[in-house]
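Note sheet for the following structure.
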Amino acid sequence: MSPHCFAHKRLPDLLYTQIGPTATWRTRPRTTEQYFEERNGDIEALALIPGWHLSMHRGDPMHIIFLGVALHLLACCIWELINTDVFGAGSIKVKLEKAWEHMKSWVRAHGLACNQSRFTRASLQIRDSYSYPELKAKAHNARVMMGWMADLTNECLHDGACTDATLRATAAWAIADLCALCDAHRSWKLSVDLANIMAERIMTFLQSYQRLA
Numbered sequence: 275m276s277p278h279c280f281a282h283k284r285l286p287d288l289l290y291t292q293i294g295p296t297a298t299w300r301t302r303p304r305t306t307e308q309y310f311e312e313r314n315g316d317i318e319a320l321a322l323i324p325g326w327h328l329s330m331h332r333g334d335p336m337h338i339i340f341l342g343v344a345l346h347l348l349a350c351c352i353w354e355l356i357n358t359d360v361f362g363a364g365s366i367k368v369k370l371e372k373a374w375e376h377m378k379s380w381v382r383a384h385g386l387a388c389n390q391s392r393f394t395r396a397s398l399q400i401r402d403s404y405s406y407p408e409l410k411a412k413a414h415n416a417r418v419m420m421g422w423m424a425d426l427t428n429e430c431l432h433d434g435a436c437t438d439a440t441l442r443a444t445a446a447w448a449i450a451d452l453c454a455l456c457d458a459h460r461s462w463k464l465s466v467d468l469a470n471i472m473a474e475r476i477m478t479f480l481q482s483y484q485r486l487a
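This is the structure we're talking about:
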């Protein structure tokens with residue numbers, strides 16, 4: 275993530291997990307004038323259309339969700355679940371292998387495609403000096419695996435095997451359901467009702483993820 279982004283993980287006061295009324299990204303929005311100044315004259319043609327302003331530009335789900343928060347949530351959930359008995363006994367390496375096999379089985383059962391490589395400490399970027407896991411995955415694979423994680427955390431919720439099971443299941447479900455809503459609605463134009471539902475899912479994720487964090 276860009277150090278200038280208001281979701282940058284190395285600047286705690288800018289994190290997207292800060293969602294209250296005093297969150298920095300709420301109190302310090304970038305203006306259209308600032309945007310033009312930062313471009314130093316290198317402005318896209320669409321931004322030169324009379325009447326254009328920055329609020330018209332929306333971040334796309336691929337970068338914000340599938341290559342962003344989803345990779346963090348997936349890695350955190352996988353890492354936390356293998357430290358329970360969800361995938362049975364054995365070493366971390368063995369449990370990660372079982373988690374990957376569970377994911378591949380779920381993908382096949384749902385008739386989906388996902389060529390995600392095997393889960394390892396390296397692919398989850400787990401290091402002794404770094405406690406912010408982030409799964410290495412393509413956007414499509416992350417999108418598919420969010421559905422798997424929503425189902426898996428829901429199963430854990432029922433068997434009571436996981437600490438913070440309710441919050442984890444809620445966070446995973448909110449993102450997975452948002453993806454499903456996007457897939458089901460092909461038009462760029464949203465109805466007010468659908469927009470409100472999507473906003474509710476996003477806030478549900480942010481609130482549950484914030485509590486987990």
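In terms of this note's numbering, the sequence shown opens at residue 275 and continues consecutively. Think of the CB as a built atom: it goes at the ideal place given N, C-alpha and C, for glycine as much as any other residue.
Among the candidates 389, 408, 391, 392, whose CA atom is the shortest distance from the CA of residue 398? Here residue 398 is taken as the residue at index 124 of the sequence shown, counted from 1. When only C-alpha atoms are compared, the closest one is 408.
Along the chain, which unbroken stretches of the alpha helix (DSSP H) at least 4 residues long are found entirely within the stretch 396-453? 413-433
Quick test of the definition: if touching needs 3 or more C-beta pairs under 8 Å, does the stretch 341-357 touch the stretch 418-429? yes
Residue burial classification, residue 447 (beta-carbon count within 10 angstroms, cutoff 16): Residue mapping note: residue 447 aligns to position 173 of the sequence shown, counting from 1. Residue 447 comes out buried.
Going by DSSP in three states, residue 323 sits in which element: helix, strand or coil? For this step, residue 323 is matched to residue 49 along the sequence shown. Correct three-state label for residue 323: coil.
For residue 468, collect the residues of the same chain with a Cβ closer than 8 Å to its Cβ; drop the 5 residues on either side in sequence, then sort them by chain order. As a working note, residue 468 is residue 194 in the sequence shown. Result list for residue 468: 455, 459, in chain order.
Using three-state DSSP, classify residue 376 as helix, strand or coil. Looking up residue 376 in the sequence shown gives position 102. It is helical.
Pick helix, strand or coil for residue 390, following the three-state DSSP scheme. By 1-based counting over the sequence shown, the position of residue 390 is 116. If DSSP states are grouped into helix, strand and coil, residue 390 belongs with coil.
Mind checking whether residue 390 and residue 411 have CB atoms under 8 Å apart? Within the sequence shown, residue 390 is the residue found at index 116, counting from 1. Within the sequence shown, residue 411 is the residue found at index 137, counting from 1. Contact: yes.
Quick one, which of 336, 321, 362 has its alpha-carbon nearest residue 329's? By one-based count along the sequence shown, residue 329 stands at place 55. Ranking the options by Cα distance to residue 329, first place goes to 321.
Between the CA atoms of residue 342 and residue 334 - distance to the nearest angstrom: Numbered from its first residue, the sequence shown carries residue 334 at position 60. Numbered from its first residue, the sequence shown carries residue 342 at position 68. Computed Cα separation, rounded: 11 Å.
Would you kindly check if the distance between the Cβ of residue 449 and the Cβ of residue 347 is under 8 Å? Mapped onto the sequence shown, residue 347 falls at position 73. Mapped onto the sequence shown, residue 449 falls at position 175. Against a cut-off of 8 Å, the Cβ pair of residue 449 and residue 347 comes out as a contact.
Straight-line gap, residue 442 to residue 479 (C-alpha atoms, nearest Å): What you label residue 442 is simply residue 168 of the sequence shown in a count that begins at 1. What you label residue 479 is simply residue 205 of the sequence shown in a count that begins at 1. About 9 Å.
Which one of 388, 303, 430, 427 has the shortest CA to CA distance from residue 414? Here the question's residue 414 lines up with position 140 in the sequence shown. Per the Cα distances, 388.
Residue from 309, 440, 419 whose Cα sits closest to the Cα of residue 375: As a first step, residue 375 must be located in the sequence shown, where it is residue number 101. When each option's Cα is compared against that of residue 375, the closest is 419.
According to the Cβ coordinates, are residue 477 and residue 452 closer than 8 Å? Stepping through the sequence shown from its first residue, residue 477 is reached at position 203. Stepping through the sequence shown from its first residue, residue 452 is reached at position 178. Not a contact, by the Cβ cut-off of 8 Å.
Beta-carbon proximity check, residue 327 vs residue 306, cutoff 8 Å: By one-based count along the sequence shown, residue 327 stands at place 53. By one-based count along the sequence shown, residue 306 stands at place 32. In contact: residue 327 and residue 306 (Cβ atoms closer than 8 Å).
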